[in-house]
Amino acid sequence: MMRDTDHTTDEITDDRDRGAALILALVMMLVGAMIVLPTLSYTMAVTRHSRVAMNKTASDELVKGGLRTALAEPGKLYAACQGGSRTTVHTIASGIPNVSSTCSWLSERQERDATTISYSVATLQAGSGVPADAVPQTAPASWYAASGNMNYTAWLADQTPTSTADKIWLPNLPSHALSHPSSIGYDMPTGFAACTVYFPGTYTNAVAINSSSKPTFFTSGIYYFENTVTISGNAQVVVGDGGVDGCTTDQEAAFSAVGAPTSHNITGVGATFVFGAGGRLIINDVGTTTGLGVKFNKRYVGSTDVNTASSASVSIMSVNGTYNGSANVDLDLPNQLFVPASQVQGASTVPATSPNNKPSTNVSSANPLLPAPPMVDISLTSLKPVSIAIPGYVSVPQGTINVSTLPTATAAKDVQIIGGVLSAQIILSTDRPATFQFGAINAVVQKTFKIVSVSSTDRSKSTAIVQVNSIGTYYVNSWEVQTS
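Numbering (my numbering), first residue to last: 1 to 484.
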C-alpha cells in the first residue's frame with residue numbers, strides 16, 4: 001500500500017511540474033509576441049523606407065549622370081550650347097534612359113580685353129602694305145596704319161614684347177628642348193586609333209606629312225625647325241592638344257606611342273612652331289584625293305612656366321636677325337627692312353644665340369627678281385576640300401606670308417589665320433578661298449552654361465552652372481539635385 005501511495009504522489013508532482021512549464025511557456029510566448037511583433041513591424045517599416053530611399057537615390061544618380069555625360073566631351077558641349085540668348089534652350093544627348101538634358105547659354109568671356117589687343121596685322125618691309133581687302137575689321141582690332149612705311153625703322157617705336165593695345169606685338173622666343181625626336185614621327189600601338197605622333201624638340205631634318213592612311217598629331221609644346229615642314233596630299237594634321245580633337249592626346253602619346261622619347265618635352269596646351277635657319281611651313285593640296293586638313297590648337301601656358309611663357313597665344317614664329325659669323329645681330333637691309341635680333345624669354349631675357357637659335361635665312365626681299373621662299377606658304381590648286389586653321393599669333397617679321405588659290409580651286413576651301421599677323425610682307429592671290437579670315441579675331445574662350453537633366457519617371461532634377469573653355473576643360477560652379 002505504501003508503494004501505491006508513493007506512486008500516486010509522484011504522478012501528482014509530475015502533473016504540477018508540467019502545468020508550471022506550460023504556464024511558463026505561455027508567458028514566454030506572450031512576452032515574445034510583445035517583443036517580436038513590434039520588431040517585425042519596425043523592420044518592415046524600415047525596409048519599405050529603405051526601398052523608397054534607394055529608389056530616390058537611384059533616380060538622383062541617373063539625373064546626375066546626365067551632367068556627367070554632357071561633361072564627358074566638353075568640346076562638343078561647347079559647340080552644342082552656343083548661340084541664342086539666355087532663354088534659348090538646346091537639347092543635348094543625356095545617354096541615359098528616361099533622362100532628358102538641356103543646356104542654355106548664360107555668359108561668355110573673350111580671350112583679351114581692350115588693353116591687350118595689339119594690331120591685328122602689320123607689315124614691316126618698306127613699300128609692302130597690307131592688302132586692302134585682307135583683314136575683316138572687327139573693333140577694337142585694327143591693322144597697323146604705317147605698314148609698309150618707307151621709313152623702314154619707324155615701326156620700332158611702336159613694338160612691344162607683350163600684346164598691348166595699339167602696339168606691334170614682337171614676342172620673345174620661348175626656350176625649346178635640344179633633343180632631336182624622329183622627323184618621321186611615332187606610331188600609336190594596336191588598340192589605339194591609327195595615328196602618327198610628333199614630340200616637341202629640335203628638328204634639323206625636313207618633315208614631310210602627306211599620309212593617306214593615318215592622321216597626324218603634334219603633342220603640345222615648343223617645336224624648333226631648321227628645315228621645311230611640308231603638309232600636303234591627304235594629310236589630316238592637328239597641332240597641339242585643345243579644343244580641336246586630334247587622333248590621340250598628349251597623355252596617350254606620352255605613355256603609349258611606340259618608341260616615344262624618354263623626355264617627351266610636352267608642356268602647356270597647344271603648340272608653337274618656331275622656325276630658324278631654313279625652316280618654314282609649306283601647306284599645299286598637291287596630290288590630294290580626299291582633302292587636306294591642318295588645325296592648330298591655340299597655345300596656353302601655365303603661369304609658373306617662365307621658360308615657355310612667351311609662346312602663349314602664338315602659333316608660328318621665327319628666329320629673327322642674322323648671323324654675322326660669330327653672333328646673332330640685327331637684320332638691317334638698308335631702306336628695305338630692319339628687324340632686331342631675337343631675344344629668349346625666361347627667368348630673365350637674354351639674346352638668342354647660335355647654334356640653339358639660328359636666325360631665319362628666309363628673308364623677304366624688296367627685289368622681285370630675288371624672292372625668298374615664304375615663311376608660311378599656303379598654295380591651293382585642287383578641287384578637293386581644304387581646311388586650315390591657325391588661331392594663334394603668326395610672328396615672322398622678316399619673312400613673307402603667302403596664300404595662293406587658283407581661280408578653279410576656291411570652292412570648299414576654308415583658311416583662317418585669325419590670331420594676328422606680323423610679317424615683312426603679305427602676298428595674297430586675287431582669288432581667295434571660299435571662306436577666308438585673315439587678321440585677328442578676339443575669340444570667345446570661355447562660356448558659362450546652365451545644364452539641366454530631368455527624370456521622366458519621377459521628379460528628380462539636376463541643375464548645374466558650368467564654365468566650359470574652348471580648349472576642352474571645364475569647371476562646375478554650382479550643382480543642385482532636387483529629389484523626387
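The beta carbon of each residue, even a glycine, is placed where N, CA and C say it ideally should be. Small disclaimer: the values here were computed from a predicted structure and weren't measured.
C-beta contact flag for residue i and residue j at 9 Å
i: I441; j: N297; result: no
i: I222; j: F275; result: no
i: G278; j: T228; result: yes
i: S211; j: L292; result: no
i: G268; j: V301; result: yes
i: T88; j: S104; result: yes
i: G439; j: V314; result: no
i: T349; j: P189; result: no
i: P374; j: N402; result: yes
i: P359; j: L331; result: yes
i: A309; j: S318; result: no
i: F199; j: A260; result: yes
i: L62; j: F449; result: no
i: N265; j: S382; result: no
Residue i versus residue j - alpha carbon distance
i: G201; j: A177; result: 5 Å
i: L71; j: T123; result: 43 Å
i: P526; j: A126; result: Residue 526 lies beyond the stretch modelled for the chain, which goes from 1 to 484, so this question has no answer here.
i: A412; j: Q446; result: 29 Å
i: N307; j: G321; result: 21 Å
i: P74; j: V415; result: 25 Å
i: T463; j: T361; result: 57 Å
i: T501; j: S142; result: This structure cannot speak to residue 501, because the chain is shown only from 1 to 484.
i: E108; j: A443; result: 10 Å
i: G239; j: T272; result: Rather than Gly, the amino acid found at residue 239 in this sequence is Val. Roughly 8 Å separates the two Cα atoms.
i: T410; j: V130; result: 21 Å
i: Q137; j: I427; result: Residue confidence is low: Q137 scores 46 on pLDDT, short of 50, so the model does not pin down where it sits. No coordinate-derived value is stated.
i: G83; j: A254; result: 36 Å
i: V286; j: L67; result: 45 Å
i: G270; j: K167; result: 25 Å
i: T290; j: K384; result: 6 Å
i: S496; j: N357; result: The displayed coordinates of the chain run from 1 to 484. Any statement about residue 496 would go beyond what the structure contains.
i: T159; j: F225; result: Note that residue 159 is Gln in the sequence shown, not Thr. Cα to Cα, Q159 sits roughly 25 Å from F225.
i: N335; j: Y144; result: 19 Å
i: T430; j: N284; result: 17 Å
i: H90; j: M150; result: 54 Å
i: D187; j: N367; result: 44 Å
i: K64; j: L77; result: 16 Å
i: S175; j: T408; result: 43 Å
i: T457; j: T69; result: 19 Å
i: A206; j: D377; result: 15 Å
i: V476; j: R280; result: 42 Å
Three-way DSSP call (helix, strand, coil) for residue i in this model
i: D158; result: helix
i: Y78; result: helix
i: Q251; result: helix
i: T272; result: strand
i: D187; result: strand
i: V319; result: coil
i: E61; result: helix
i: A406; result: The sequence given here has Leu at residue 406, not Ala. If DSSP states are grouped into helix, strand and coil, L406 belongs with coil.
i: T115; result: helix
i: I23; result: helix
i: G66; result: helix
i: A309; result: helix
i: S147; result: coil
i: L71; result: helix
i: S453; result: strand
i: Q467; result: strand
i: S360; result: coil
i: S395; result: strand
i: S175; result: coil
i: S104; result: strand
i: V379; result: First, the amino acid is wrong: residue 379 is Ser here, not Val. Of the three classes helix, strand and coil, the one that applies to S379 here is strand, per DSSP.
Close beta carbons around residue i, own chain, < 7 Å, minus the five adjacent residues each side
i: V116; result: At residue 116 the sequence reads Thr, which differs from the Val that was named. Same-chain partners within the cutoff: S163, T164, A165.
i: S364; result: Q125, L337, A372, Q398, G399, T400, A424, Q425
i: F192; result: T248, E252, S256
i: Y474; result: L71, P74, V466, Q467, V468
i: F436; result: V415
i: V197; result: G185, Y186, M188, F217, T219, T248, A253, A257
i: C195; result: M188, K214, P215, F217, C247, T248
Sequence-distant residues of its chain with Cβ nearer than 6 Å to residue i (five each side left out)
i: V421; result: V121, V394
i: D60; result: S460, V481, T483
i: S478; result: I465
i: G148; result: T123, G127, S128, G129
Residues near residue i by beta carbon distance below 8 Å, same chain, minus five either side
i: V237; result: I209, P215, T216, F217, F218, I231, G293, V294, K295
beta-carbon residue i near the ligand ATP non-hydrogen atom, thresh 8 Å
i: I441; result: Questions concerning the ligand ATP fall outside what the structure shown contains, since it holds no ligand whatsoever.
- Query: Counting pairs of Cβ atoms below 8 Å between the stretch 320-327 and the stretch 179-195, do you hit three or more?
  - Reply: Segment contact: the stretch 320-327 against the stretch 179-195, fewer than three CB-CB distances shorter than 8 Å; contact not assigned.
- Would you call the stretch 89-107 and the stretch 438-455 in contact, with 3 or more CB pairs under 8 Å? By the Cβ rule, the stretch 89-107 counts as touching the stretch 438-455, because three or more pairs are nearer than 8 Å.
- Query: Can at least three beta-carbon pairs, one atom from the stretch 338-346 and one from the stretch 375-391, be found at a separation below 8 Å?
  - Reply: Taking one beta carbon from each stretch, the stretch 338-346 and the stretch 375-391 have fewer than 3 pairs nearer than 8 Å; the two do not touch.
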